[in-house]
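Taken in order, the sequence shown gives residues 1 to 132; the numbers are from UniProt numbering. Glycine residues also receive a C-beta, built at the ideal position from the N, C-alpha and C atoms. For reference, the structure discussed in these notes is given below.
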Amino acid sequence: MGMPAATQNCTVTGVDTHIVMVPTGAGPVPTPLPHPFNGMIDSGCIQTVKIGGKAAAVVDSTASNQPAHMPTPPGTSFQKPPANKGTVMMGSMTVKIGGKAAARQADPVKTCNDPADAPVGQIIAAGTVFIG
């Protein structure tokens, strides 16, 4: 059996690593720290195909992190501001929607990370439509 189909507004979760400039007596020190990514698929879906009344998510659909990453601990800043975006990287090998692979539960999402985006996110989907 397949996995639940992903749609617009499905959740994407992961843990990003961002370089935070931590102040010290000798000046700021670049420090890689974890930041949770928790967003919803909100763009790049196929509007002409509805699953449970919502647009179908596919490879290259994007999610926006909400709320946006904040530098932690307090008093620090990011070395490079995070994009707060994720992009669906992989989907079904057999089912295409609008010419792109259909996205499903647990498919990988490349989210904002330092020094480069990385596939550390995944889709959380629920529903009655299953895609192999």
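Q) Does any C-beta atom of chain D lie closer than 7 Å to the C-beta of P32? A) Looking at the structure shown, chain D is missing, and only one protein chain is on hand.
Q: To the nearest angstrom, report how far apart G75 and A118 are at their CA atoms.
A: 26 Å
**Q.** Residues near G132 in its chain [Cβ-Cβ closer than 7 Å; skip 5 each side]
**A.** G2, S92, T94 and V95
Q: Take the Cβ of F37 as the centre, count every other Cβ of all protein chains shown within 10 Å, and call the residue buried at 16 or more, exposed below.
A: buried
Q: Given a cut-off of 7 Å, decide if S77 and M21 are closer than it, judged by their beta-carbon atoms.
A: yes
Q: Helix, strand or coil for N65, going by three-state DSSP, please let me know.
A: strand
Q: Give the DSSP bridge partners of N113, in chain order.
A: DSSP lists no partner for N113.
Q) If you drop the 5 nearest sequence neighbours on each side, which residues of the same chain put their C-beta closer than 8 Å to that of N113? A) D16, T17, H18 and V120
Q: Measuring alpha carbon to alpha carbon, tell me which of H69, V129 and G98 ends up nearest T111.
A: H69
(Q) Once DSSP output is grouped into helix, strand and coil, what is the label at N38? (A) strand
Q. Among residues of its own chain, excluding the 5 on either side of V59, which ones have a beta-carbon nearer than 8 Å to its beta-carbon?
A. V88, M89, M90, G91, K100, A101 and A103
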